[in-house]
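The next block holds one structure in the form of structure tokens; read it before the comments.
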Amino acid sequence: MRYRPEGLAGEPEVEESGEDGTPDGAARDGEARDGEAARASATAAPSAPASNTATATLTPTATATGDQLARWGAREWLRWMWRQLTSMRVALLLLLLLAVAALPGAFFPQRPQTPEKVAQYYLDHPDLAPVLERFGLFDVYASPWFAAVYLLLFVSLVGCIVPRAIDHVRTLREPPPRAPRRFSRFPVRDAFVTTSTRDDVVASATTALKPYRVRREEARGVVTLSAERGYLREAGNITFHLALVGLLVSVAYGSLVHYRGQVIVVEGETFANSRIAYDSFDAGTWFAADSLDPFRMQLDSFTAEFDETTGAAKDFTASVTVTEPDGEPTAATIKVNHPLRVGGANVYLMGNGFAPRVQVRDASGALAFSGAVPFIPQNDATYESRGVIKVADTTTGTQIGLNGWLLPTAVVDADANAFSISPYPDDPALVLDVWSGDLGLDDGVPQNVYQLDTDGLTQVTQQTTADDGTETTEPVRVVVRPGETVDLPDGLGTITFEDLPRYVGLDLRYDPTLGFVLTFALLALGGLAGSLFLPRRRVFVRVGADDAGRTVVTAAALARGDDPGLDRELQRVLTPLRSGPGSGDAPPTQSPGSTA
Amino acid sequence: MTELGQLSLYLVTAAMTCYLIATVTFAIDLSRRVASAPSRVREPQLVAAGAPAEAAGSATADAAALPPATPVNGAARTNAGGAAEPATGSGDAAGPTQVRRRAAAIGMSTFVLGALFLLIGIVLRGIAAGRVPWANMYEFTMVAVFVASALFLGIQRRRDVRYLGTFISLLAVLALFLALTVLYTDPAAVQPALQSYWLAIHVSIASSAMGVFAVAATTSVLQLVKDRAEHRGTAGRLAAKLPTADSLERLSYRINAVGFVLWTFVLISGSIWAEHAWGRFWGWDPKEVWSFVIWVVYAAYLHARSTRGWEGRRAAWFSIIGFVSILVNYYVVNFFFSSLHSYSGV
Numbered sequence: 001m002r003y004r005p006e007g008l009a010g011e012p013e014v015e016e017s018g019e020d021g022t023p024d025g026a027a028r029d030g031e032a033r034d035g036e037a038a039r040a041s042a043t044a045a046p047s048a049p050a051s052n053t054a055t056a057t058l059t060p061t062a063t064a065t066g067d068q069l070a071r072w073g074a075r076e077w078l079r080w081m082w083r084q085l086t087s088m089r090v091a092l093l094l095l096l097l098l099a100v101a102a103l104p105g106a107f108f109p110q111r112p113q114t115p116e117k118v119a120q121y122y123l124d125h126p127d128l129a130p131v132l133e134r135f136g137l138f139d140v141y142a143s144p145w146f147a148a149v150y151l152l153l154f155v156s157l158v159g160c161i162v163p164r165a166i167d168h169v170r171t172l173r174e175p176p177p178r179a180p181r182r183f184s185r186f187p188v189r190d191a192f193v194t195t196s197t198r199d200d201v202v203a204s205a206t207t208a209l210k211p212y213r214v215r216r217e218e219a220r221g222v223v224t225l226s227a228e229r230g231y232l233r234e235a236g237n238i239t240f241h242l243a244l245v246g247l248l249v250s251v252a253y254g255s256l257v258h259y260r261g262q263v264i265v266v267e268g269e270t271f272a273n274s275r276i277a278y279d280s281f282d283a284g285t286w287f288a289a290d291s292l293d294p295f296r297m298q299l300d301s302f303t304a305e306f307d308e309t310t311g312a313a314k315d316f317t318a319s320v321t322v323t324e325p326d327g328e329p330t331a332a333t334i335k336v337n338h339p340l341r342v343g344g345a346n347v348y349l350m351g352n353g354f355a356p357r358v359q360v361r362d363a364s365g366a367l368a369f370s371g372a373v374p375f376i377p378q379n380d381a382t383y384e385s386r387g388v389i390k391v392a393d394t395t396t397g398t399q400i401g402l403n404g405w406l407l408p409t410a411v412v413d414a415d416a417n418a419f420s421i422s423p424y425p426d427d428p429a430l431v432l433d434v435w436s437g438d439l440g441l442d443d444g445v446p447q448n449v450y451q452l453d454t455d456g457l458t459q460v461t462q463q464t465t466a467d468d469g470t471e472t473t474e475p476v477r478v479v480v481r482p483g484e485t486v487d488l489p490d491g492l493g494t495i496t497f498e499d500l501p502r503y504v505g506l507d508l509r510y511d512p513t514l515g516f517v518l519t520f521a522l523l524a525l526g527g528l529a530g531s532l533f534l535p536r537r538r539v540f541v542r543v544g545a546d547d548a549g550r551t552v553v554t555a556a557a558l559a560r561g562d563d564p565g566l567d568r569e570l571q572r573v574l575t576p577l578r579s580g581p582g583s584g585d586a587p588p589t590q591s592p593g594s595t596a
Numbered sequence: 001m002t003e004l005g006q007l008s009l010y011l012v013t014a015a016m017t018c019y020l021i022a023t024v025t026f027a028i029d030l031s032r033r034v035a036s037a038p039s040r041v042r043e044p045q046l047v048a049a050g051a052p053a054e055a056a057g058s059a060t061a062d063a064a065a066l067p068p069a070t071p072v073n074g075a076a077r078t079n080a081g082g083a084a085e086p087a088t089g090s091g092d093a094a095g096p097t098q099v100r101r102r103a104a105a106i107g108m109s110t111f112v113l114g115a116l117f118l119l120i121g122i123v124l125r126g127i128a129a130g131r132v133p134w135a136n137m138y139e140f141t142m143v144a145v146f147v148a149s150a151l152f153l154g155i156q157r158r159r160d161v162r163y164l165g166t167f168i169s170l171l172a173v174l175a176l177f178l179a180l181t182v183l184y185t186d187p188a189a190v191q192p193a194l195q196s197y198w199l200a201i202h203v204s205i206a207s208s209a210m211g212v213f214a215v216a217a218t219t220s221v222l223q224l225v226k227d228r229a230e231h232r233g234t235a236g237r238l239a240a241k242l243p244t245a246d247s248l249e250r251l252s253y254r255i256n257a258v259g260f261v262l263w264t265f266v267l268i269s270g271s272i273w274a275e276h277a278w279g280r281f282w283g284w285d286p287k288e289v290w291s292f293v294i295w296v297v298y299a300a301y302l303h304a305r306s307t308r309g310w311e312g313r314r315a316a317w318f319s320i321i322g323f324v325s326i327l328v329n330y331y332v333v334n335f336f337f338s339s340l341h342s343y344s345g346v
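Right under this line is the structure:
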């Protein structure tokens with residue numbers, strides 16, 4: 001154990017390790033790595049000054065003079081590379097690299113998070129985007145180079161922590177190392193004379209050292225206690241690092257077996273858990289389609305509450321009825337921070353809005369479209385929502401596209417601008433532009449249901465004459481309120497706004513590793529706290545007699561890393577030993593002797 | 001309830017004024033020439049004291065070689081810590097405290113007053129809003145400033161760190177000024193995504209970590225100043241007031257260690273909350289990216305401390321870069337990145 005007392009770097013440690021011959025473990029956190037680094041750098045650059053703490057216990061396995069370098073075979077090179085990789089210095093560089101490598105994801109749009117922004121980036125920077133794409137900058141966290149950095153880091157971590165764990169187990173099975181012959185170079189030390197007998201002093205010292213593991217040695221009438229405590233510090237350090245490995249493995253396994261689907265459900269409608277029912281669905285490589293639990297879920301109602309003055313959302317609650325394959329229907333609620341657990345998966349409330357139920361009849365009066373169409377809120381405070389109604393099944397052959405706004409509480413100002421003043425559906429209205437022609441649905445190319453492909457469509461417009469006589473062409477706007485039926489322009493047909501149910505956007509996610517991820521994360525946290533805050537200390541107490549026959553106590557303490565409480569701890573141990581009449585601070589005329 | 005909100009606002013403004021006065025008075029204290037010798041002088045004594053022991057080379061010297069400064073009876077025990085750890089705060093405490101530092105005393109008083117005003121302001125704000133008072137950037141800043149102040153005062157109880165005072169106060173003034181002018185919002189209830197007990201846990205620890213890291217980074221900056229002075233062999237007025245770079249390094253490390261554990265907890269609690277609210281525990285949202293980067297930077301800091309050639313000055317840079325990343329994560333990401341964490345309320 002290489003301890004580094006503050007201010008006198010290395011000296012006691014050299015003495016100690018030279019004497020007790022226990023080159024175990026590391027001084028400060030991670031100094032085993034440092035030792036590795038020193039060893040590696042010693043092999044790589046023989047001229048590097050091996051000045052610091054670690055050198056005394058090191059036995060260079062290969063001294064690399066030029067000749068020897070030339071004679072290195074594949075094995076030596078591999079060993080050298082492994083040492084480099086598991087050295088603290090390289091681990092540090094990899095950590096820095098990881099931090100830098102993670103940053104582009106914050107600057108460039110990422111496909112898994114915001115695919116629409118990636119598409120926009122392609123439009124805005126047509127030259128740059130393909131280059132970024134090639135380097136994986138639109139999906140940084142799945143890119144090979146990001147994976148290379150963290151995998152190397154984890155290999156380095158494992159290569160470092162496993163030997164350390166083995167070392168630590170060995171340390172635990174051995175008694176604490178022998179005390180050095182002299183304590184003179186320990187900054188935290190003490191010496192005094194007491195009138196108690198030697199055995200009394202040793203007994204009280206042993207009691208005071210209860211929390212420690214103690215090795216007792218006796219030679220020529222001098223008893224030496226070597227005590228050590230705080231093994232949990234290193235155990236915590238090892239736990240922390242191994243827990244990180246566990247975390248990575250859990251997350252990796254989770255990404256292989258997980259599935260995640262998104263679906264929009266309108267009030268009154270029922271969703272059946274099967275792959276085709278989802279609007280979007282993605283799953284890991286090892287996901288089996290039949291592992292979906294075929295439950296059904298009906299959205300009974302959805303309520304939204306908003307602050308009266310600011311319009312900010314206060315509460316969203318979805319009331320659902322869930323029917324498991326072999327069970328009774330049960331009522332449940334889903335809220336934003338309270339997902340519903342069903343069929344092994346979690347159901348999250350991710351979004352909501354209005355889905356006006358409309359009927360469109362074509363020019364011949366035949367029913368061409370009927371259903372609730374989800375409109376996407378564009379403004380959180382007023383719920384002005386955009387949406388598209390695609391009427392494909394007309395008997396006349398001319399398809400109709402309607403796009404525009406749903407305004408929950410519609411107001412039209414003097415300039416004929418329509419807007420909403422409240423998120424509540426107090427006076428809803430649909431304000432729609434009308435297109436006719438070919439919706440482009442038959443090309444076989446998947447279309448965004450929220451966008452109108454206007455390539456094959458012409459907008460219905462009208463001529464308006466202003467007061468000064470100039471004529472302008474303006475799109476025709478159809479405004480329709482619940483219960484109303486309004487004629488579409490150009491004799492295209494009619495539209496009926498039946499009612500205004502709400503819809504919810506739900507995320508269903510299945511990831512069996514969540515429990516493991518959490519466990520490893522908490523283990524890492526606990527291990528980290530232990531490795532940083534638990535003091536690891538050694539206390540040496542030597543009890544002998546001087547020429548006058550008085551009992552002489554010398555003691556020293558040593559800690560791993562910074563330990564501001566070390567001196568206090570030594571005094572805690574020594575205070576009970578001072579008692580007795582005639583004890584005092586008179587320096588002993590002769591030392592209590594030594595074990596050497 | 002609005003009266004309480006208004007009162008809270010007055011108190012926070014008063015707190016900012018106190019911090020401003022503290023900044024000035026602490027600065028006056030720092031600009032004074034040091035009457036007593038700087039602590040560096042003490043070191044040779046100890047080295048000298050240790051030398052005979054080495055020369056004697058025998059076990060006999062063991063007890064006799066105790067430094068003269070170390071009392072061997074139990075009466076004056078508290079002083080032994082100073083002798084055992086020559087480079088820590090006790091060295092600087094011994095020098096300047098003998099001189100009366102009236103400006104520093106005024107600084108401390110106004111600082112404590114400012115922290116008290118701020119604390120009451122935060123509590124009243126919470127009552128006015130009817131929830132925990134750290135749900136938007138204005139409130140988050142107040143909590144971070146208060147935690148930094150409390151930490152400074154806590155350390156000050158154990159050792160003299162008044163040399164930090166002007167810098168901590170200045171940070172507090174800047175942060176509160178920004179909060180009052182740019183980030184202020186009226187107290188109100190929070191949106192559904194924030195209605196969770198994790199708001200009380202995750203966000204409070206995040207703002208505390210920010211306060212803790214601020215103090216550590218300040219100490220690291222002073223460490224660099226002192227380190228530079230030590231290498232040049234000259235000390236300006238500021239450097240002369242500082243303890244050794246080594247001692248500053250250890251102080252900064254202890255604070256950063258606490259901060260790192262807090263930050264780890266922030267990541268974990270945030271992940272749990274994200275799992276509840278957004279259906280995934282980690283999604284590389286810009287806020288998550290930056291939080292991860294911060295964590296890695298501080299992990300690198302801890303590793304750098306125990307890598308030869310990287311301890312000391314270089315490690316201090318990690319501590320500073322870490323805090324700069326936190327500022328970016330807080331001010332830049334909230335305003336200029338589209339993030340799920342857009343709760344500033346501005």
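So the sequences go chain by chain: Z and U. Letter by letter, the first sequence follows residues 1 to 596 of full-length UniProt numbering. Letter by letter, the second sequence follows residues 1 to 346 of full-length UniProt numbering. The beta-carbon is built from N, C-alpha and C at its ideal position, and this holds for glycine as well. These numbers were taken from a predicted model, which means no experiment stands behind them.
_In this structure, how does DSSP classify Asn403 of chain Z when only helix, strand and coil are distinguished?_
Strand at Asn403 of chain Z.
*Taking C-beta pairs closer than 8 Å, name the residues in chain Z that Thr264 of chain U reaches, listed in chain order.*
Ala524, Leu525 and Leu528
*Among U:Leu180, U:Ile272 and U:Ser269, which has the Cα closest to the Cα of Ala14 of chain U?*
U:Leu180
_If contacts are defined as beta-carbon pairs under 8 Å, then Gly351 of chain Z and Val373 of chain Z qualify, I think. What distance do you get, rounded to the angstrom?_
Not confirmed; about 15 Å, so no contact.
*Spatial distance of Leu20 of chain U from Ser325 of chain U (CA atoms)*: 25 Å
*Skipping 5 residues on each side, what residues in its chain have a beta carbon closer than 7 Å to that of Ser184 of chain Z?*
Correct list: empty, nothing qualifies.
*asked:* One question on the structure: do Pro192 of chain U and Ala128 of chain U come within less than 8 Å of each other, judged by their Cβ atoms?
replied: no
_8 Å Cβ cutoff met for Val258 of chain U and Trp290 of chain U_ = no
*Same chain, Cβ closer than 6 Å to Gly279 of chain U, neighbours up to 5 away in sequence not counted*: So no residue of the chain qualifies.
*Among Z:Arg275, Z:Met297 and Z:Phe295, which has the Cα closest to the Cα of Phe287 of chain Z?*
Z:Arg275
*Answer yes or no: does any C-beta atom of chain U fall closer than 8 Å to that of Thr458 of chain Z?*
no
*From Pro187 of chain Z to Leu232 of chain Z, what does the alpha carbon distance come to, in whole angstroms?*
24 Å
*asked:* Does the region 192 to 201 of chain Z come into contact with the region 546 to 556 of chain Z, if we say contact requires no fewer than three beta-carbon pairs (one atom in each stretch) closer than 8 Å?
replied: yes
*asked:* If distances are taken between C-alpha atoms only, which option among U:Ala217, U:Gly5 and U:Arg131 comes closest to Ser252 of chain U?
replied: If you compare the alpha carbons of U:Ala217, U:Gly5 and U:Arg131 with that of Ser252 of chain U, the shortest gap goes to U:Ala217.
_Rounded to the nearest angstrom, what separates Leu98 of chain Z and Glu275 of chain U at their Cα positions?_
The alpha-carbon atoms of Leu98 of chain Z and Glu275 of chain U are separated by roughly 24 Å.
*Would you decide whether Asp563 of chain Z is buried or exposed? Buried here means 16 or more other CB atoms lie within 10 Å of its CB.*
Asp563 of chain Z is buried by the Cβ-count criterion.
*What is the C-beta distance between Ala106 of chain Z and Phe337 of chain U, in whole angstroms, given that I count them as a contact (C-beta under 8 Å)?*
6 Å
*Give, in chain order, every residue of the region 319 to 340 of chain Z whose Cβ lies closer than 8 Å to some Cβ of chain U.*
Going along the region 319 to 340 of chain Z in chain order, one finds Lys335, Val336, Asn337, His338 and Pro339 with a Cβ nearer than 8 Å to chain U.
*Please go through the same chain and pick out, in chain order, the residues whose beta-carbon is closer than 6 Å to the beta-carbon of Leu439 of chain Z, but skip the five residues on each side of it.*
Lys390, Ala392, Gln399 and Gly401
*From Z:Val539, Z:Asp546 and Z:Val573, residue whose alpha carbon lies closest to that of Leu558 of chain Z*: Z:Val539
*Proximity below 8 Å, CB of Trp263 of chain U to CB of Ala200 of chain U*: No Cβ-Cβ contact shorter than 8 Å links Trp263 of chain U with Ala200 of chain U.
*For Thr197 of chain Z, count neighbouring C-beta atoms within 10 Å of its own C-beta (all shown protein chains included) and say buried if the count is 16 or more, exposed if not.*
exposed
_Asp246 of chain U, DSSP secondary structure in three states_ = Asp246 of chain U falls in the helix class under three-state DSSP.
*Would you call the region 239 to 259 of chain Z and the region 148 to 162 of chain Z touching, i.e. three or more CB-CB distances under 8 Å?*
Touching, per the Cβ criterion.
*Beta-bridge pairing of Val296 of chain U - partner residues as DSSP gives them*: For Val296 of chain U, which the question treats as bridged, DSSP gives no partner whatsoever.
_Contacts around Val431 of chain Z, its chain only, beta-carbon distance under 7 Å, and the 5 residues preceding and following it disregarded_ = Same-chain partners within the cutoff: Gly404, Trp405, Leu407, Ala418, Arg477 and Val479.
*Name the residue from Z:Ser204, Z:Ala243, Z:Arg134 and Z:Ala227 whose alpha carbon lies nearest to the alpha carbon of Val158 of chain Z.*
Z:Ala243
*asked:* For Met205 of chain U, report the span of its alpha helix (DSSP H) as first-last.
replied: As written in the sequence, residue 205 of chain U is Ile, which differs from the Met given in the question. Ile205 of chain U -> alpha helix (DSSP H) spans Ser204 to Arg232.
*By the 10 Å Cβ neighbour count, where 16 or more other Cβ atoms means buried, how is Phe533 of chain Z classified, buried or exposed?*
exposed
*Going along the chain, which residues of its own chain have a beta-carbon closer than 7 Å to the beta-carbon of Asp62 of chain U, five neighbours each way excluded?*
Any reading at Asp62 of chain U needs caution, since the residue's pLDDT is 44, under 50, leaving its predicted position unreliable; the model's value is listed next. Closer than 7 Å at the Cβ level, and outside the excluded window around Asp62 of chain U, lies no residue.
*At a cut of 8 Å, does the region 206 to 213 of chain Z reach the region 570 to 577 of chain Z through at least three beta carbon pairs?*
yes
*Could one say the Cβ of Arg164 of chain Z lies closer than 8 Å to chain U's Cβ atoms, at least one of them?*
no
*Going by the CB atoms, is the gap between Ile495 of chain Z and Val360 of chain Z shorter than 8 Å?*
yes
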